[in-house]
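Colleague: Under my numbering, residues 832 to 1685 are what the sequence shown spells out, in order.
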Amino acid sequence: MSKPRRIMLEAPGLDGLRRFVTELPKTLSLDGDTPTTWVTVTKLGHFFDPRYGEFDITREMVLAMIDNFNKNTYGQDIFLDVAHEPSKGAAGRFMKLALEGTKLRALIEWTPYGIDAVKNRGFKYLSADYTENYTDNEKRLKHGPLLFGAGLTIRPVIKGNDPVQLSEPDGSPPTFLHPELQTTLLQEIETMWKELLKQLSEKLKSFNLSEAVVGSLVAAAEKALASTTEEAAAKALIGHFEASGKQLAESIGSNPANITLSMQSSGLSAEDVRKLLAEESLRHANAAKKLAEDKAANLKLLTDAVNAATGLDEATKKVLCDDVSDLITADMSADQVKRLAENQIKQGNKEAAAKQLAALGYSRPAGHVHISVDSSNEIKSLQEEVNKRLGIARLPDSRRFSNTGGQLQQVNKELAENVLAAFDVQHGAQLHREYKMLAAGDGLVSDVAVPAIYERTVITEALYNMAGLNFVDVGTLPFAASALIPYSYRDTTGASRDSTRVYEGGAIPRAGVKQTSETAYPIPQKIAFEVSDELRYLTGSGQLDWDALAENTRNAVRIIGEDSERLIFNEILQASDQYGAAAVTNEATATADGTKSIFCLDHFPVVRPKTVYDLQGNAVGSTLYPVVVKSNNVAITAYDGTGTQTPGLYYTMDYNLGEVHFVDQTGAASAPTATHAIVASYTYASNVYAFDTDLGSTAADVHWDTFLYRYGLRKNVIESDRYHMANFGLMSGTIRTQIEQARSFIESGARNGTALDAEGNLGTVKNVPNFRTTAPGLYMGDQRIVIGERGQTRFRMMKGWTMGQLQDQRDSNGRFTGKKEAYGDQFIVLHTPTQLKAAYTSMVLYSATARVDR
832 MSKPRRIMLE
842 APGLDGLRRF
852 VTELPKTLSL
862 DGDTPTTWVT
872 VTKLGHFFDP
882 RYGEFDITRE
892 MVLAMIDNFN
902 KNTYGQDIFL
912 DVAHEPSKGA
922 AGRFMKLALE
932 GTKLRALIEW
942 TPYGIDAVKN
952 RGFKYLSADY
962 TENYTDNEKR
972 LKHGPLLFGA
982 GLTIRPVIKG
992 NDPVQLSEPD
1002 GSPPTFLHPE
1012 LQTTLLQEIE
1022 TMWKELLKQL
1032 SEKLKSFNLS
1042 EAVVGSLVAA
1052 AEKALASTTE
1062 EAAAKALIGH
1072 FEASGKQLAE
1082 SIGSNPANIT
1092 LSMQSSGLSA
1102 EDVRKLLAEE
1112 SLRHANAAKK
1122 LAEDKAANLK
1132 LLTDAVNAAT
1142 GLDEATKKVL
1152 CDDVSDLITA
1162 DMSADQVKRL
1172 AENQIKQGNK
1182 EAAAKQLAAL
1192 GYSRPAGHVH
1202 ISVDSSNEIK
1212 SLQEEVNKRL
1222 GIARLPDSRR
1232 FSNTGGQLQQ
1242 VNKELAENVL
1252 AAFDVQHGAQ
1262 LHREYKMLAA
1272 GDGLVSDVAV
1282 PAIYERTVIT
1292 EALYNMAGLN
1302 FVDVGTLPFA
1312 ASALIPYSYR
1322 DTTGASRDST
1332 RVYEGGAIPR
1342 AGVKQTSETA
1352 YPIPQKIAFE
1362 VSDELRYLTG
1372 SGQLDWDALA
1382 ENTRNAVRII
1392 GEDSERLIFN
1402 EILQASDQYG
1412 AAAVTNEATA
1422 TADGTKSIFC
1432 LDHFPVVRPK
1442 TVYDLQGNAV
1452 GSTLYPVVVK
1462 SNNVAITAYD
1472 GTGTQTPGLY
1482 YTMDYNLGEV
1492 HFVDQTGAAS
1502 APTATHAIVA
1512 SYTYASNVYA
1522 FDTDLGSTAA
1532 DVHWDTFLYR
1542 YGLRKNVIES
1552 DRYHMANFGL
1562 MSGTIRTQIE
1572 QARSFIESGA
1582 RNGTALDAEG
1592 NLGTVKNVPN
1602 FRTTAPGLYM
1612 GDQRIVIGER
1622 GQTRFRMMKG
1632 WTMGQLQDQR
1642 DSNGRFTGKK
1652 EAYGDQFIVL
1662 HTPTQLKAAY
1672 TSMVLYSATA
1682 RVDR
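#1: Contact between the stretch 1637-1647 and the stretch 1609-1616: three or more CB pairs below 8 Å?
#2: My understanding is that residue 959 touches residue 913, with C-beta atoms under 8 Å, so please give their C-beta distance in whole angstroms.
#3: Going by DSSP in three states, residue 983 sits in which element: helix, strand or coil?
#4: List the endpoints of the continuous beta strand (DSSP E) containing residue 928.
#5: With DSSP as the reference, identify every bridge partner of residue 1306, one or two as the case may be.
#6: Find out if the Cβ-Cβ distance for the pair residue 1175, residue 1151 is shorter than 8 Å.
#7: Based on the DSSP output, what are the partners of residue 912 in its beta bridges?
#8: From what residue to what residue does the beta strand (DSSP E) around residue 1461 run?
#9: Taking the straight line between their C-alpha atoms, what separation do you get for residue 1426 and residue 1493?
#10: Would you tell me roughly how many angstroms separate the C-alpha atoms of residue 1069 and residue 1127, rounded to the nearest one?
#11: Would you call the stretch 1431-1443 and the stretch 1533-1545 in contact, with 3 or more CB pairs under 8 Å?
#12: Between which residues of its own chain and residue 1549 is the CB-CB distance below 6 Å, once the five residues before and five after are set aside?
#13: Check for me: the beta strand (DSSP E) holding residue 1647 runs from which residue to which?
#14: Taking the alpha-carbon of residue 867 as reference, which of 939, 965 and 1395 has the nearest alpha-carbon?
#15: State the start and end residues of the unbroken alpha helix (DSSP H) segment that holds residue 891.
#16: Taking DSSP as the reference, what is the three-state secondary structure of residue 1551?
#17: Output the residue ranges of the beta strand (DSSP E) runs that lie fully inside the stretch 1404-1429 and measure 3 residues or longer, sorted by chain position.
#18: So, are the CB atoms of residue 1616 and residue 1546 less than 8 Å apart?
#19: Have a look at residue 1200 and residue 1443 and give me their C-alpha separation to the nearest angstrom.
#20: For the putative contact between residue 1239 and residue 1287, defined by C-beta atoms under 8 Å, what is the C-beta separation to the nearest angstrom?
#21: Entirely within the stretch 1474-1524 and at least 3 residues each: give me those beta strand (DSSP E) ranges in chain order.
#22: Please name the residue in 1320, 1224, 1353 and 1354 whose C-alpha comes closest to that of residue 1345.
#23: Should residue 1521 be labelled buried (16 or more other beta-carbon atoms within 10 Å of its own) or exposed?
#24: So, do the stretch 1470-1484 and the stretch 1648-1656 have three or more beta carbon pairs nearer to each other than 8 Å?
#25: Taking only the alpha-carbon atoms, compute the straight-line gap between residue 1441 and residue 875 and give it to the nearest angstrom.
#26: Check whether the Cβ atoms of residue 1660 and residue 1351 sit closer than 8 Å, and answer yes or no.
#27: Whole angstroms is fine: what's the gap from residue 1142's alpha carbon to residue 1237's?
#28: Classify residue 1526 as buried or exposed, calling it buried when 16 or more other Cβ atoms lie within 10 Å of its own Cβ.
#29: Skipping 5 residues on each side, what residues in its chain have a beta carbon closer than 6 Å to that of residue 1458?
#30: Can you give me the start and stop residues for the alpha helix (DSSP H) that residue 1567 sits inside?
#31: Could you give the distance in angstroms between the alpha-carbon of residue 1501 and the alpha-carbon of residue 1507?
#32: Near residue 1600, what residues of its chain come up, given a Cβ to Cβ distance below 8 Å and the 5 sequence neighbours on each side ignored?
#33: Under a Cβ-count criterion, where at least 16 other Cβ atoms within 10 Å of its own Cβ denotes burial, should residue 1339 be classed as buried or exposed?
#34: To the nearest angstrom, how far is it from the Cα of residue 1428 to the Cα of residue 1483?
#35: Can you tell me whether DSSP reads residue 1012 as helix, strand or coil?
#36: Is it true that the stretch 1297-1309 meets the stretch 1386-1402, where meeting means three or more beta-carbon pairs spaced less than 8 Å apart?
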């Protein structure tokens, strides 16, 4: 654990210290013997300074400071000094700390020394002095963050803090009150009203007016005061009622007991008095109505401004308006209302960003959330500019999205947006710098790492072009050592259509849909690149070579995309083979004759061994579906393809055809010793149909029509027996070309639900749309066809692709080559839940005449 730091944000000459400043008011209105004012000590957020590095001031830290202040943890008063020179005296004493929104505020009791420093000596900024974890010198207990004090200074480090305003001059922004202060002011206003009304009542009674007349005038005055908060305006209003009462008293004389007689003696009737009171009441009612209308207009102005904001849902907009509706007054100017609306919109954007991150699985961030409307627009603008310069924006959809049918698929778009949202949060500051630099021209972008916008482009284009995403269930997860994958499946032994017919007294069966979960582990994708000199120049000073960057982008997109596609399609095939797999132990495969190096197993395809690893590369559990090959009762090691194994006999497996190939350490064919028995233990796939491609005496179109018949039977296995919907078929281009020979694709032999697409390629077979696999190194090869239901295999992005820092390349002798290397990594979770493997089935193409020991 690192040692807690004491942070003096204005202390030159001391290592490891940080400075954080806020502006004091240009003028101080300090009255009384011990004048006090509220000042902003600091604000929440993540900050950086070249001298101090990165540091955070969080809500939790500030609350701890306030708690320690209230408990007097430090054991003495906290003072404000000048230039961090406490020996010269105190500029003020901290009376109270409070958290207002994202600001730590302090009530300061000023000294003449402090007032002079601000008014006459130009000290207009405040510098905080605190520790991240205070340890007392008595019991040596740790108490968390503690504020030691602050100092007046003239050298600010952190810019952008709002100045402390002690009074609100004309045209200034609206003042937002701390809830505690607002309560205090409302209590003071209510006390002021009561005192003024009491004075009015006593004054009216001194005019010898009757209780009824006094009560009417006081009630009218109280109603008028309801919309008045300023003392001067309230006193003026009460003065007006006093004048009205005096005039009324002079009119009716000195006999309050009988208004009628008084009116007659003065020439005024009772009707005249009632009319006078009615007019006065109407005047005040109109004034109150005008105030209400003005307030309603300001509320509408606020609501319209907030509702016009983009990127916020209706519920959020309503909350933003409701939160500040009580702050709206009739006398606020339109400009003040608009600025209040802008502040609410800004807070709403931060909240929306936090919700987006939470939806992605990220912890809800505390303090400042970087994503905002402005920053997202910057990133969008930067991406659009880079796409133009790389030529991506000029590509027609048919070329840009060639792997996904010539258009951007919705599932690709949504996954890319979610992954990019997490990327933008992590690299927001770097993207902001690159936006500003690129906006100024083709200049310096970075000198130690690949530009973030380059990585962002690779992520976008790679995900946009992954056809495999359309066959799996996609999403994102926070990076973790493992992931829990929830899913539901159909239990065919549960309630079905017939078993729901239960009559009185009968047992009601449970529904055949079950919910469960399985644990999956991240799969790392780490790929190293030899960064060309052009890209190296890109990352240093000088003009950007966009042609070189475009070439590197295309290469990275292709490699990252192909590797991810390979993982997806291989997982789907393996899941199909694993469903209903059967184990074979010590099969006597053949006896070597000294010339043959390839031996066929009795069953095929063979299920590939599966080992799950954690992030450290340690196996989790034992290997599933193991393969053991023996020659003369000696286990033969699998050939690993490195060429570094010791001389000897090794084996490789053609899993699709169930053939064991013996090779030497270089990978060349090598026959086992004659008379040695070849014995194998393995697991084979039963969830498959093996189709012999040998024509024999059958015509090609008729033979491949038979294939289509078998294809339809495999579809029925999924739909009729397992309650899944077969809605895709996967195969290589070579297999597609073979199948297209079938008579059913000829107009005269056409069948409903089986046809070629507009380009003459294999389209639907038995109403199942078929797709060509394109990624290299697929287990399917040119022998396998997979039929299944979309969305059963889970694909989760834990960490989108990013590249590390550029490293100097060295040759085999350890000498520099003048080039750079970098590697990128990406972490995904790819898992097919056990019961959902039933959604897949497959076919294998083989030649009976060619599949022999040889």
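Even glycine gets a Cβ: it sits at the ideal position worked out from N, Cα and C.
None of the values given here were measured: they were computed from a predicted structure.
Modeller: Per the coordinate set shown:
#1: no
#2: Rounded, the Cβ-Cβ distance is 15 Å, inconsistent with contact.
#3: strand
#4: 923-931
#5: 1627
#6: yes
#7: 982
#8: 1459-1462
#9: 11 Å
#10: 26 Å
#11: no
#12: 1555, 1557 and 1672
#13: 1647-1662
#14: 939
#15: 890-901
#16: helix
#17: 1413-1422
#18: no
#19: Low local confidence applies: a pLDDT of 45 at residue 1200 is under 50, so the model's placement there is unreliable, and no value is given.
#20: Actually they are not in contact, since the Cβ atoms of residue 1239 and residue 1287 sit about 17 Å apart, beyond 8 Å.
#21: 1481-1485, 1490-1494, 1508-1515 and 1519-1523
#22: 1320
#23: buried
#24: no
#25: 49 Å
#26: yes
#27: 29 Å
#28: exposed
#29: 1440 and 1513
#30: 1564-1570
#31: 14 Å
#32: 1558, 1559, 1560 and 1594
#33: exposed
#34: 11 Å
#35: Unreliable positioning characterises residue 1012 in this predicted model, as indicated by a pLDDT of 48, which lies under 50. The coordinate reading is nonetheless provided below. It is helical.
#36: yes
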